[in-house]
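Add 11 to a position in the sequence shown, counting from 1, and you land on the number used in this note's numbering. Cβ coordinates follow ideal geometry from the N, Cα and C atoms, glycine included. Predicted model only: the values in this text are computed from it and were never measured. Presented below is the structure to which this report refers.
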Amino acid sequence: MDDQFLRLISPRIEKHCIPLFNSGFFKDSAREALVQVEKAMKKKGRTNNRMYGVRLITELFGGKKNVLLKVPLGEDLQESAKEYFKGVFSYYRNYVAHD
Numbered sequence: 012m013d014d015q016f017l018r019l020i021s022p023r024i025e026k027h028c029i030p031l032f033n034s035g036f037f038k039d040s041a042r043e044a045l046v047q048v049e050k051a052m053k054k055k056g057r058t059n060n061r062m063y064g065v066r067l068i069t070e071l072f073g074g075k076k077n078v079l080l081k082v083p084l085g086e087d088l089q090e091s092a093k094e095y096f097k098g099v100f101s102y103y104r105n106y107v108a109h110d
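Spelled out as structure tokens, the structure:
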């Protein structure tokens, strides 16, 4: 894996997902990446461990917790970023977790 790429990703992803990917377990790597993103969000938002997916995103990004995302294209896109994460978790996470 390219060193420049590895500097851009979270240490969680590097530790838990890259070995799966490099071994050819692409779907497992994708699923684990979403699990690690969820775990990181739960830690950041100090929220209920039984909350997952879209419900977690809704609670953290615009709910009681009101965690802000680092949005490189401008803070005015905070709502769009929230909707993006909701889409990722409702479509991809459910697909890789339940297929």
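The beta carbon of leucine 17 lies closer than 8 angstroms to those of Glu25 and Ile29 in the same chain, with the five residues before and after it left out. Secondary structure of aspartate 14 (DSSP, three-state): helix. Approximately 5 angstroms separates the beta-carbon atoms of phenylalanine 100 and valine 65; this is inside 8 angstroms, confirming the contact.
At the C-beta level, lysine 97 and threonine 58 stay beyond 8 angstroms of one another.
The residues Lys53, in chain order, have a CB closer than 7 angstroms to that of asparagine 60 in the same chain once the five nearest residues on each side in sequence are set aside.
Per DSSP, aspartate 87 is not a residue of any alpha helix (DSSP H), being assigned neither H nor E. One thing to note: leucine 31 has its Cβ no nearer than 8 angstroms to the Cβ of serine 21.
If you check the CB distance, phenylalanine 72 and lysine 55 do not come in under 8 angstroms.
Annotated three-state conformation of serine 40 is helix, per DSSP.
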